[in-house]
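I have placed the structure first, in the form of structure tokens, so that the comments after it can refer back to it.
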Amino acid sequence: MDFVNNTQDLVLPTLRKEGTGVSLVAAVAENGAIGFDNKLLYWLPNDLKHFKALTTGHSIVMGRRTFESLPKGALPNRRNLVLTKNAHFIAPGAEIFPSLGKALDSCNEAEDVFIIGGASVYREALPRAERLCLTVVHDTPTQADAFFPWLNPLDWEAINEVRHDADERHAFAYTFVDFVRRNIKA
Ligand SMILES: NC(=O)c1ccc[n+]([C@@H]2O[C@H](COP(=O)([O-])OP(=O)(O)OC[C@H]3O[C@@H](n4cnc5c(N)ncnc54)[C@H](OP(=O)(O)O)[C@@H]3O)[C@@H](O)[C@H]2O)c1
């Protein structure tokens, strides 16, 4: 993982399930790539299940381009919050907000909020995040135009890591890695 260079000593128990504040959820290649041409780079069924399990019943915040990339529009059984400066943007099944701050202010402090991309929103939200739920895909794509922000290992500690090998349904090996901000360890 080149975007974070300190994932040793991964021993701690799993994350608390509720009340963890703002989390970033992303599937990230080893070189930090997350997308190309407003599309995801990978189709990994287990990652989709993992994403669904994490976010269902919660609020998800995304940029306008990511919303437009969703094949069936707003994701069901979640509150969809879409960031755009365009007050006339139509987002069926979602609420639109002109800033990240306004979107987060609309959420209850005690609830879990998941930032689901894309690159610009991850960058802006990272300083406000308390945990990162990353799926690190063990690949280094050369064709990518959207990247996850670099993580300072002084700020983030990996507390849980589960690796899965490639198989007939998953073209690449991948690892679910949960990070918490070092000063707010679970
Ligand atoms: N691998 C993953 O887990 C993952 C997850 C999600 C997305 N992605 C990928 O990421 C790429 C898209 O990322 P992106 O950076 O190009 O687009 P994006 O972050 O999804 O959307 C950018 C747009 O969101 C709006 N926006 C962002 N921040 C805002 C703010 N603070 N206030 C108001 N509006 C704001 C603006 O919309 P307006 O221009 O309308 O004002 C901006 O043009 C795609 O390739 C996608 O597939 C990957």
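In our numbering, the protein residues as written are 27 to 212. In this text, a Cβ means the ideal position worked out from N, Cα and C, and glycines have one as well.
Where Thr110 is concerned, there is no enclosing alpha helix (DSSP H), because DSSP gives it neither an H nor an E. Across the set His114, Glu56, Asp191, the C-alpha of Glu56 shows the shortest separation from the C-alpha of Thr168.
Residue pairing of Ala52 in beta bridges, as defined by DSSP: Leu160. In the three-state DSSP reduction, His196 falls in the strand class (E or B).
Here Tyr68 has Ala53, Val163, Phe198 as same chain residues with Cβ atoms under 7 Å from its own Cβ, once five neighbours each way along the sequence are excluded. Boundaries of the alpha helix (DSSP H) harbouring Ala151: 145–151, taken from the DSSP string.
Judged by DSSP secondary structure, Phe77 falls outside any beta strand (DSSP E) and instead within the alpha helix (DSSP H) spanning 71–81. The Cβ atoms of Ala172 and Ala129 do not sit closer than 7 Å to each other.
For Phe93, the enclosing alpha helix (DSSP H) starts and ends at 90–95.
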